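A short write-up of the structure that comes next.
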Amino acid sequence: MQPIRKALFATAIAAGFIANAQAAATIQTLDITWYKDGKVIDQAQHIVNDGTSLTPYLQRGGKEVGYANCTGSAGAMRLSAEKMFVGRSLLINPVSANAGKVQLSVSATDTALDGIRKTGTADCTSEVVDVHGYTASDIPVEIADGQTVDVPLKNPQYKLVLRLHRDAL
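Be aware that the sequence shown starts at 853, since it is given in this note's numbering, and climbs by one per residue.
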């Protein structure tokens, strides 16, 4: 009788370790689809939570446009080189994960360059990068496992759909 108890106890312990290992080997994956005028402009699947850390998603296509910035007054002027991103960018930053829910911060940009113009005085001339398009920053989103969310982008031309699900490693 004693050997059977020991065997059953060992089996129960092993089953507990296996269950813990399976629970720890679960990741949260985000399905991402971004639309413009009804057409997909970005689609991806991203591991947002691997159980040890939260990982942001960044898709970026475009260029950094350089420009000059002059500040100060006569005798104390400062000229600096600056950069501005122009193009398409989607950043989904996980803020926290708790009880099957993930808090996200979403930023989206879809801009085009109109030109660079000069402004200021003859002594202190700066440049201004003129762009047109869409920009939204730090939109808060809460999403639970198995849920699909339309992110409110506040522009009917754009739609962002996120779906969170668990996957086993």
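Each residue gets a CB set at the ideal place from its N, CA and C atoms; glycine is no exception. Only a predicted model underlies this, so the values are computations on that prediction, with no experimental measurement involved.
Hey, how far is the Cα of glutamate 916 from the Cα of arginine 940? Within the sequence shown, the letter at position 64 stands for residue 916. Within the sequence shown, the letter at position 88 stands for residue 940. Approximately 11 Å between the Cα atoms of the pair.
From Thr987, Ala928, Ile991 and Asn921, pick the residue whose C-alpha is nearest to that of threonine 963; which is it? The residue you call residue 963 lines up with position 111 of the sequence shown. Measuring from the Cα of threonine 963, the nearest candidate turns out to be Thr987.
Distance between glycine 890 and leucine 1014 (C-alpha atoms, nearest Å): For the purposes of this step, residue 1014 is taken as the residue at position 162 of the sequence shown. For the purposes of this step, residue 890 is taken as the residue at position 38 of the sequence shown. Going from the Cα of leucine 1014 to the Cα of glycine 890 covers about 16 Å.
State whether the region 924 to 936 contacts the region 894 to 913, with contact taken as three or more CB pairs (one from each stretch) at a distance under 8 Å. The region 924 to 936, when compared against the region 894 to 913, does not touch it at the 8 Å Cβ threshold.
On the three-pair Cβ rule with 8 Å, is the region 992 to 1002 touching the region 943 to 957? Yes, since at least three Cβ pairs between the region 992 to 1002 and the region 943 to 957 fall closer than 8 Å, the two stretches touch.
Rounding to the nearest angstrom, what Cα-Cα distance links leucine 965 and alanine 896 in this structure? In the sequence shown, the residue the question calls residue 965 occupies position 113. In the sequence shown, the residue the question calls residue 896 occupies position 44. The straight-line gap from Cα to Cα measures roughly 26 Å.
Report the rounded CA-to-CA distance for histidine 984 versus glycine 914, giving the unit in angstroms. Counting from one through the sequence shown, the residue named residue 984 turns up at place 132. Counting from one through the sequence shown, the residue named residue 914 turns up at place 62. Spanning the two alpha carbons is a distance of roughly 14 Å.
Kindly indicate which three-state DSSP category asparagine 950 falls into: helix, strand or coil? On the sequence shown, residue 950 is found 98 positions in, with the first residue counted as 1. Three-state result, asparagine 950: strand.
Between glycine 918 and aspartate 982, what straight-line distance do the alpha-carbon atoms span, to the nearest angstrom? Here residue 918 refers to the residue found at position 66 of the sequence shown. Here residue 982 refers to the residue found at position 130 of the sequence shown. In this structure, the alpha-carbon of glycine 918 lies about 12 Å from that of aspartate 982.
Excluding the 5 residues flanking alanine 933 on each side, which residues of the same chain have their C-beta closer than 7 Å to its C-beta? Locating residue 933 in the sequence shown gives position 81, counting from the first residue. The beta carbon of alanine 933 lies closer than 7 Å to those of Gly918 and Ala920 in the same chain, with the five residues before and after it left out.
Residue ranges of each beta strand (DSSP E) run of no fewer than 3 residues wholly in the region 981 to 1010, ordered along the chain? Entirely contained in the region 981 to 1010, the beta strand (DSSP E) runs reaching 3 residues are, in chain order, 1000 to 1003.
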